[in-house]
Amino acid sequence: MADAGSARLLVDTVTPGHMIPPMADNAVEVRDLTKAFRDVVAVAGISFEVKRGEVFSLLGPNGAGKSTAISIISGLLRPDSGDALVMGHSILKESMAARRSLGVVPQEIALYSDMSARENLVFWGRMYGLSGGELSRRVDEMLSAVGLVERQKGRVGTFSGGMKRRVNIAAALLHRPAVVVMDEPTVGIDPQSRRHILDHVKELNRQGMSVLYTTHYMEEAEELSQRIAIMDKGRVIACGTRDELVRMVGEQARIDLTVTGEPGKAAEVWRTVAGVSQTTVAQGRVEVLAADSDAVVPRLFEAAAQSDFRISSVDIREPNLETVFLSLTGRALRD
Amino acid sequence: MTEVYIAGKDLRGSLRSRFFIGVAVLVPLLVMSLFFFAFGGGVKGTGAGPGLAPIRTVVVDEDTGSLQLGRIAVSTLIGPQLRQIVSGTEVLDTIQARHALETKQADAAVVIPAGFSAAVTDSAGQAEVMLLADPVKTIGPAVVQAVLQRLLDAFSGSRILLNTYRGAAVSAGTTPDSNVVAGLMEQYQAAAQSGAAPLTVRTPEAGEDVAAMLRRMMSSIFAGLMIFFAFYTGAYTALSIVREHEDGTLARLFTTPVGRSRILGGKMLSVVATVVVQATVLVVVSTLLFGLKWGQAGSVLLALVGTVAATSGFGVMLASFIKTTRQGGPVLGGGLSVAGMLGGLFTQAVPNMPAAFNRISLVLPQGWVIRGWNLAIAGRAAGDMLLPVGVMLAWGVVCFVVGSMVFRRRFA
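Respectively, the protein sequence lines represent chains A and B. Residue 4 is where the first sequence starts when you use this note's numbering, and the numbers rise one by one after that. Residue 12 is where the second sequence starts when you use this note's numbering, and the numbers rise one by one after that.
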């Protein structure tokens, strides 16, 4: 964990105009992508777009088709049908231009362990067409941004997992891509390194970079994304902002209350409160369902004060993406 | 230019790898060193004397007949004619000879049995000379055996002469004159001892000394070693494509704005560069350390070019059929060893190999590469190298194309 304390946010010096060509309406547009591996359909006609300057997450359980979709957009796999545009460039017809606009952070560490951090960045920078003074300057900037200036000559194979992750991300940002694609970058790492990566993503987005992020962690998608596409069995089953998704399935907040007195009587009183759609008693507590918990909770206290019981504890469970996924598929995200 | 960066990255990785340096450079040099010392470590001689240390030989002459033909054998083995090869000493009996072998004072012992002269001159006689050898030594006793064989062949010739005389006498109705027999043998003995001996030590080519012959043989052996390890290096380096695939770096390369053909081209360029470095280092170091002579500069250059093409192409093709690096070890080790054996890389110094071996080697790139190097080592001009080098290049191109197609299909 020695590296965790020295990690910094990725503070880049990019010019927004360079990152986002004015011609492209969307950073990424995915149109009816389909990909099958023999009899297994990994991606079944998905469509979505990533707006310029937003963090867009593909959320779904393992095997949902997220990585296949990312692989097609990154140019690793050729779709059976459909197309994707990256900054207006078709991945099929203008693949080189599309790739120049992309920075891909693979799920696994994809670095040369026998080379130093600096040598790795120099090599990957060259692959993106950087050279000479510009390459050297960008490598210095990225080493500084990921807090590895002092370890730049150390072989990557000797680095901790968190340090490798940082080099892995830095290698994708050297050429100032307009779009960063991150494929489950927090899988299998410690909480501190995970926190750093999430902060990196936010910082990149703050600088105006578009981020296409895949995860099966609901919390990450909720924290990072302006919009989310939920994938299951190769299909996008829902897409929108978090609130839109929650509203889409009509989920309500569940308010669990413990009262001094008779729970059944409290449930009867609260059933008539405006905004409450349902009350039940279970295990000595009252469960209240309401669309707008912020408005309803004060009314519940008011009703209790006017009656002969008092509220001793309140637990509000807002609807989240987990419940959305559950509603849409009948399964939990981590099933 | 991107291809050069990829190749440079791979080459640098190879040169940093202790495993690679060990297998590609140190092991062939170590094996060559063992050969070098087995041959006495002296092939750096320039013609003044042989590089091979003289074979210590003790000789026992138990032949007490009147003709004393055994003395011819003794004088041949301990005489000045063979002093560059055989350091002969006469001892009294077989016991002393065995003792000399057991105490490592001699590498071989020759026993001329009692009645040797009689057996030679008797038309029905059996002349048996015994050769005792230190079981650890192989080359020295084999040389002494060859010398003795030549000597006994000469004695057989003289016996044919005597039999002819005897036959003529019988046909003429007379009895062979024992004095004539003795006279013929005395003349033979005199002729042998005066320098017209039945045994003549000749170097393979006029004007070439033993050191040069040994040097050429060593060069040929080392060429076989070098070629074997060059094929291994080619395949091992090409296997880095599979290694990068497993490590995820190949997939990452495919996400960069560099075409797949250029990426695979860079990987193949790295194979070529690595084999060039390896072969050049081995040729230069073996020349400096062991005094090996590889031939005329133009011929060596052509052989080098052909070797690089054939080994790189073959390596790429072989690696393209390997799915995982775990498969790589046995496939490379086993496949290349068999191909090397059938291609004749390890049997260069073995005379009179079965013709089938030669025919098989014609359908393997290894066979043509070693042919090319042997021509260069023999001092042949560049013009004589065109056929084997052309075949090497053809092998290289065909294998490259096959390997590239397989890789492209796999990573398409």
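In this text, a Cβ means the ideal position worked out from N, Cα and C, and glycines have one as well.
Contact set between residue i and chain A, taken where Cβ atoms lie within less than 7 Å
i         : result
Pro268(B) : Met99, Arg102, Arg103, Tyr131, Gly132
Residue i classed as buried or exposed, judged by whether at least 16 other C-beta atoms fall within 10 angstroms
i         : result
Leu103(B) : exposed
Gly354(B) : buried
Asp118(B) : buried
Met229(B) : buried
Met396(B) : buried
Val374(B) : exposed
Ser77(A)  : buried
Asp186(A) : buried
Arg67(B)  : buried
Lys341(A) : Shown here, chain A extends from 4 to 338; a query on residue 341(A) therefore has no answer.
Leu432(B) : The structure shown does not extend to residue 432(B), since chain B spans only 12 to 423, so no value can be given for it.
Leu133(A) : buried
Phe418(B) : buried
Gly182(B) : In the sequence as presented, Gly is not what sits at residue 182(B); that position holds Ser. With fewer than 16 other Cβ atoms within 10 Å, it is exposed.
Ser424(B) : This structure cannot settle anything about residue 424(B), because the visible part of chain B is limited to 12 through 423.
Pro188(A) : buried
Pro25(A)  : At Pro25(A) the pLDDT is 46, less than 50, meaning the model places this residue with poor confidence and gives no usable figure here.
Ala179(B) : exposed
Leu315(B) : buried
Asn65(A)  : exposed
Phe325(B) : buried
Leu26(B)  : exposed
Pro322(A) : buried
Gln338(B) : exposed
Arg55(A)  : buried
Leu300(B) : exposed
Asn369(B) : exposed
Thr211(B) : With a pLDDT of 46 at Thr211(B), under the threshold of 50, the modelled position of this residue cannot be trusted, and the question is left open.
Gly32(A)  : One detail in the question is off: residue 32(A) reads as Glu in this sequence, not Gly. Glu32(A) comes out buried.
Ala146(B) : Per the sequence presented here, residue 146(B) reads as Pro, with Ala not at that position. The residue is exposed, with fewer than 16 neighbouring Cβ atoms inside 10 Å.
9 Å Cβ cut-off: residues of chain B touching residue i
i         : result
Tyr115(A) : Lys20, Gly24, Glu255, Asp258, Thr260
Closer than 9 Å at the beta carbon, the chain A residues around residue i
i        : result
Thr13(B) : Arg129, Met130, Gly132
Proximal residues of chain A, C-beta to C-beta of residue i below 8 Å
i         : result
Leu264(B) : Met130
Tyr16(B)  : Phe126, Arg129, Met130
Proximal chain B residues relative to residue i, where beta-carbon distance stays under 7 Å
i         : result
Glu111(A) : Gly259
Val77(A)  : The residue asked about is misnamed: residue 77(A) is Ser in this sequence, not Val. Simply Thr266.
Chain-ordered neighbours of residue i on chain B, where CB pairs are closer than 8 Å
i         : result
Ser316(A) : The premise fails here: Ser316(A) is roughly 49 Å from chain B at the closest Cβ pair, so nothing lies under 8 Å.
Val107(A) : Arg263, Thr266
The ligand ADP heavy atom lying under 6 Å from the CB of residue i
i         : result
Glu247(A) : Within the structure as shown, the ligand ADP is missing, as the structure has no ligands at all.
Query raised in the report: Just by C-beta distance, which residues in the stretch 272 to 295 of chain B are closer than 7 Å to chain A?
Result: Cβ contacts with chain A come from no residue of the stretch 272 to 295 of chain B.
Q.
Give the list of continuous alpha helix (DSSP H) stretches no shorter than 4 residues that lie fully inside the stretch 194 to 233 of chain A.
A. 194 to 209, 221 to 227
Using 8 Å as the threshold, is the stretch 252 to 262 of chain B in touch with the stretch 106 to 115 of chain A, meaning 3 or more CB pairs across them? yes
Would you call the stretch 364 to 371 of chain B in contact with the stretch 266 to 284 of chain B, where contact means no fewer than 3 C-beta pairs closer than 8 Å? no
**Message:** Give me the subset of the stretch 81 to 93 of chain B whose CB atoms are less than 7 Å from a CB atom of chain A, sorted by chain position.
**Reply:** none
**Contained beta strand (DSSP E) runs [length at least 3] in the stretch 266 to 301 of chain B, N- to C-terminal order** = none
Please identify, using Cβ separations under 9 Å, the residues of the stretch 263 to 286 of chain A that lie next to chain B, in order along the chain. Listed by position along the chain: nothing, the set is empty.
Of the residues that make up the stretch 27 to 38 of chain B, which ones have a beta carbon closer than 8 Å to any beta carbon in chain A?
So the list reads Arg27, Ser28, given in the order they occur along the chain.
Which residues of the stretch 55 to 73 of chain A have a Cβ closer than 8 Å to any Cβ of chain B? Give them in chain order. none
Handout entry: Segment contact, 8 Å Cβ cut-off, at least three pairs: the stretch 234 to 244 of chain B with the stretch 332 to 351 of chain B
Key = yes
Chain-ordered residues of the stretch 203 to 222 of chain A with a beta carbon less than 9 Å from chain B: Nothing from the stretch 203 to 222 of chain A brings a Cβ to less than 9 Å from some Cβ of chain B.
Practice item. Jot down the residue ranges of each uninterrupted alpha helix (DSSP H) in the stretch 19 to 106 of chain A, minimum 4 residues, whole runs only, in chain order. Key: 19 to 22, 69 to 76, 98 to 103
- Would you check if there are 3 or more beta carbon pairs closer than 8 Å linking the stretch 263 to 279 of chain A to the stretch 323 to 333 of chain A? no
Where are the alpha helix (DSSP H) runs, 4 residues long or more, that stay fully inside the stretch 370 to 406 of chain B, in chain order?
376 to 388
Contact the stretch 378 to 391 of chain B vs the stretch 302 to 321 of chain B: 3+ CB pairs below 8 Å
Taking 8 Å as the limit for Cβ pairs, the verdict is that the stretch 302 to 321 of chain B does touch the stretch 378 to 391 of chain B.
Requested in this report: Would you check if the stretch 144 to 160 of chain A and the stretch 89 to 104 of chain A touch, i.e. whether three or more CB-CB distances between them fall below 8 Å?
Outcome: no
Inset, instruction - Report yes or no: do three or more beta-carbon pairs, one from the stretch 257 to 269 of chain A and one from the stretch 226 to 235 of chain A, lie closer than 8 Å? - result: no
Decide yes or no for the touch test of the stretch 297 to 306 of chain A against the stretch 217 to 224 of chain A: beta carbon pairs closer than 8 Å, at least 3 of them. The stretch 297 to 306 of chain A is not in contact with the stretch 217 to 224 of chain A.
_contact_flag[the stretch 80 to 90 of chain A, the stretch 36 to 49 of chain A] where n(CB pairs < 8 Å) is 3 or more_ = yes
| Would you say the stretch 78 to 89 of chain B touches the stretch 158 to 173 of chain B, given that touching needs at least three Cβ pairs under 8 Å? | yes
Unbroken alpha helix (DSSP H) runs of length 4 or more, entirely within the stretch 146 to 194 of chain B: which are they?
150 to 182
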